[in-house]
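Asks: Using the numbering used here, you'd call the opening residue of the sequence shown number 7 and step up by one each time.
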Amino acid sequence: MLTEAARVLIFLGILLVAAGSILLLMQKSELSSMFRWVGNLALDFKVEKENFRFYFPMGTSITVSLLLTILLYCFNKFIH
7 MLTEAARVLI FLGILLVAAG SILLLMQKSE LSSMFRWVGN LALDFKVEKE
57 NFRFYFPMGT SITVSLLLTI LLYCFNKFIH
């Protein structure tokens, strides 16, 4: 059981590194304009003061959650 957990953690680590690399590459290309909505939705809260900055992306989190739910649902239907 421990080896399965280790494999899952290694896979998640590789997935995070790949996602970070893709985001860095997208920042330098024209594709970055496609994702300007991220962090600027109606329920994304931003509070900026002199020595304090608070950011809570609730709208973006809900949107990403819905997109991932639909994607995983379709993937599950396709597999089974």
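By construction, the Cβ of each residue, glycine as well, lies at the ideal position given by its N, Cα and C atoms. If you're wondering where the values come from, they're calculated on a predicted model, not measured in any experiment.
#1: When you compare only the Cα positions, how much space is there between LYS83 and SER39?
#2: Tell me where the alpha helix (DSSP H) around ARG13 begins and ends.
#3: On the DSSP letters alone, give me the boundaries of the alpha helix (DSSP H) that LYS83 sits inside.
#4: CB ILE76 to CB LEU49, shorter than 8 Å?
#5: Rounded to whole angstroms, what's the CA-CA distance from VAL53 to ALA24? Just pull it up for me.
Replies: The structure says:
#1: 32 Å
#2: Run containing ARG13: 8-33, per the alpha helix (DSSP H) assignment.
#3: 64-85
#4: No. Outside cutoff.
#5: 31 Å
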